[in-house]
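Its first residue numbered 1, the sequence shown is counted upward by one per residue in full-length UniProt numbering.
The next block holds one structure in the form of structure tokens; read it before the comments.
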Amino acid sequence: MAAQNNLDMISQSQPPHKRSIVRQLPDDLIETIISFLPPKEVCALAVLSKRFRYSWHLCRNLCFDREFAIKMSRDEYKRIVNDFFIYNRSSRAETFKLYFDAAGDTSLVCYWIHKVTTLGVREFELDFTQSTRKCMLSYELVDVKTINIMRLVNCELHLPLASNGLCHLRDLTFERVRARPMVIRAIFLNCMSLRSLRLIKCNSIFNLKIFAQELKGFQDLEVKNCSDVHLVGINAPTLRSFHYHGKICEFKFFSDLPKLNDVILEIAHPRGFHLLSNRQHVVISLSFVKVLTVTSTFLEGLSARFEGHEYKEMEFCMPRLEEFHLIVAPESNLIPSDIASFLKKCPQIERVFIDLGNNAFGTSIYWEFHGRKYLSEWETVFPHLKCVKIKGFTLKELPVMMARFFLKFGVSLHYLVLVKPMRHNFPGTFVPDCLRWGTTSNAQIQIYDYPGDTSTIIPQHL
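Structural data, given as structure tokens:
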């Protein structure tokens, strides 16, 4: 921040007394400040003063990213990047980010990568989104111990099972990469300092096995919109967060997860979780979680089932859960009693966020024959519940029952925030206090229009 402030002072028109301060700064200090700025800012600075004409030669922050490439032709982009490597006098590079269509210029890209890796780069990003085909990379190009952060987009990388090159890699992101099982296995054999792995829109994964029992610092795993994942198997005792966004698949946990605090299971498919034979194993494995975000598909899979002439609930407990965020799919059959049944197993719950979208709970035979009675006979209180936010709230029977449920049994509730659906208005005669009827709640009830939701009560994941 201090470097940026000094550069702003240098690069803009200043009063005479400030310009004199700039003139008094020694060259080595100015060069150090300039070296940490991205190329776009350094180039702009170079045209302002003869003193900074060749300042871009010292740049260490080589961010030739999407922002850098805006309004620039391909040939112009190539020329500028080439000039940087030809004339660069810095002995080090902290960051290298490339946003480029590598079609027909693979050898040139390899030259740039080779040049930057000799400068000890720590943060490394190759974004070939513009390329119609995946760029093939040789592993030797990035087999560099200095790299701590790596992001690869729309390219192909063959990793050997035995290598010591990426032993200091901490954060790895693959986006639109063929993350085949051998590639994933090689990552966990070679990258012994790995802390986080993100797989975004990758393919050829099939059975994703995260065997990180030998990694003492592995903490974060994100799998997002990977089309062909059939199974996610995890053996990672140090895992702290697991985020999954995508279709329904099998989840298997091969070790206890005592440090797992934050889980997202955003399952896009509206049905099917109840068909998983190991769904009880999944929820038991998540018992240490403190923050949980799920779609209605997940909760439907845990709801009571009609067995032996009665409804039976699944046996599990989430004793540490403090924040729960539920996203209800439009096709969902979820009802308020399913939510209540789940929260009953969360004795430490403090914050609940429910996004109904435009669904607003649909009535069903299940609700008429079981759900309504289940809520009417409810006795469990939530002593730690402080705030509840319901988005997509209407004055239909089920949303109103859900709101009154929290007001009645959230004995320490401070806030109930209700956000209307888009293009939805309440009758002029509606008074929020009518929701308190039958309760003794002193909670503050706040109501917002969908576009005007300015509530400060938001979940951690939004």
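Backbone N, C-alpha and C define an ideal beta-carbon position, used for all residues, glycine too.
Please read all numbers here as calculations on a predicted model, not as lab measurements.
Backbone CA spacing between residue i and residue j [nearest angstrom]
i      : j      : result
Cys226 : Leu321 : 28 Å
Leu172 : Gln446 : 42 Å
Leu199 : Arg176 : 8 Å
Val229 : Ile184 : 13 Å
Tyr450 : Cys434 : 21 Å
Thr454 : Val417 : 10 Å
Phe96  : Phe64  : 7 Å
Glu266 : Phe251 : 13 Å
Met318 : Ser131 : 46 Å
Ser376 : Phe218 : 46 Å
Ile21  : Thr118 : Confidence at Ile21 is low in this model, with a pLDDT of 48, below 50, so its placement is unreliable and the value that follows should be read with caution. Cα-Cα distance, rounded: 36 Å.
Ile80  : His243 : 39 Å
Ile413 : Phe253 : One detail in the question is off: residue 413 reads as Leu in this sequence, not Ile. So the two alpha carbons sit approximately 35 Å from each other.
Ala443 : Cys387 : 9 Å
Lys201 : Ser255 : 27 Å
Ala3   : Lys145 : Note on Ala3: pLDDT 43, under 50, position unreliable in the model; no value is reported.
Met422 : Glu397 : 19 Å
Arg178 : Lys373 : 51 Å
Pro336 : Cys346 : 16 Å
Ser241 : Thr429 : 46 Å
8 Å Cβ cutoff met for residue i and residue j
i           : j      : result
Asn207      : Gly233 : yes
Arg60       : Ala93  : yes
Asp75       : Leu98  : no
Met150      : Leu169 : yes
Ile349      : Leu385 : yes
Leu215      : Met192 : yes
Lys408      : Ile457 : no
Val411      : Val431 : no
residue 513 : Phe342 : Look at the range of the chain in this structure, 1 to 462, and you will see that residue 513 is not part of it.
Val116      : Leu194 : no
Gly392      : Leu356 : yes
Asn148      : Arg122 : yes
Phe288      : Pro258 : yes
Leu299      : Asp262 : no
Span of the alpha helix (DSSP H) around residue i
i      : result
Cys226 : Segment: none, Cys226 is in no alpha helix (DSSP H) and carries neither H nor E.
Glu67  : Arg66 to Ala69
His114 : Thr106 to Thr117
Met150 : Per DSSP, Met150 belongs to no alpha helix (DSSP H); it is in the beta strand (DSSP E), Ile149 to Val153.
Leu299 : Ser296 to Leu302
Asn207 : Not the alpha helix (DSSP H): Asn207 falls in the beta strand (DSSP E), residues Asn207 to Phe211.
Phe84  : Arg74 to Tyr87
Lys373 : Arg372 to Ser376
Best match in the options for proximity to residue i [C-alpha to C-alpha]
i      : options                           : result
Leu141 : Pro160, Leu416, Tyr450 and Lys373 : Pro160
Glu313 : Lys259, Asp355, Val328 and Gly371 : Gly371
Gly452 : Val419, Ser441, Ser107 and Gly438 : Val419
Thr295 : Cys317, Lys259, His281 and Ile248 : Ile248
Ile210 : Gln130, Ser337, Leu221 and Lys216 : Leu221
Asp143 : Tyr311, Val153 and Gly165         : Gly165
Ser285 : Thr440, Pro237, Ser303 and Pro330 : Pro237
Ala340 : Asp83, Ala403 and Cys110          : Ala403
Tyr415 : Ile264, Lys78, Arg351 and Val400  : Arg351
Ser107 : Leu239, Asn82 and Glu379          : Asn82
Phe174 : Tyr311, Ile205 and Phe68          : Ile205
Ala186 : Leu197, Ala162 and Ser196         : Ala162
Lys290 : Asn203, Thr129, Tyr448 and Phe324 : Phe324
His281 : Leu292, Val263, Glu315 and Asn261 : Glu315
Val328 : Tyr311, Phe361, Lys344 and Glu310 : Phe361
Arg133 : Cys155, Asn203 and Asn278         : Cys155
Asn425 : Trp437, Arg436 and Tyr448         : Tyr448
Trp378 : Glu67, Thr440 and Phe405          : Phe405
Asn278 : Val223, Leu231, Pro427 and Gly120 : Leu231
Met401 : Pro427, Gly438 and Pro383         : Gly438
Boundaries of the beta strand (DSSP E) in which residue i is found, first to last residue
i      : result
Met136 : Cys135 to Leu137
Gly246 : Ser241 to Gly246
Asp125 : The residue asked about is misnamed: residue 125 is Glu in this sequence, not Asp. Its beta strand (DSSP E) spans residues Glu123 to Asp127.
Arg198 : Ser196 to Ile200
Asp262 : Asp262 to Ile267
Val389 : Just to set this straight, residue 389 is Lys in the shown sequence, not Val. Lys389 -> beta strand (DSSP E) spans Cys387 to Lys391.
Gln280 : Note, Gln280: premise wrong, no beta strand (DSSP E); alpha helix (DSSP H) at Arg279 to Ser285.
Tyr448 : Gln444 to Tyr448
Glu175 : Asp171 to Glu175
Leu98  : Thr95 to Tyr99
- [ ] Please list the segments of the beta strand (DSSP E) lying wholly inside the stretch 390-428, counting only runs of 3 or more residues, in order along the chain.
- [x] 415-419
- [ ] Report the residue ranges of all beta strand (DSSP E) runs contained in full by the stretch 304-360; include only those spanning at least 3 residues, in chain order.
- [x] Given a length threshold of 3 residues, each whole run of the beta strand (DSSP E) inside the stretch 304-360 is given here in chain order: 305-307, 310-312, 323-327 and 351-355.
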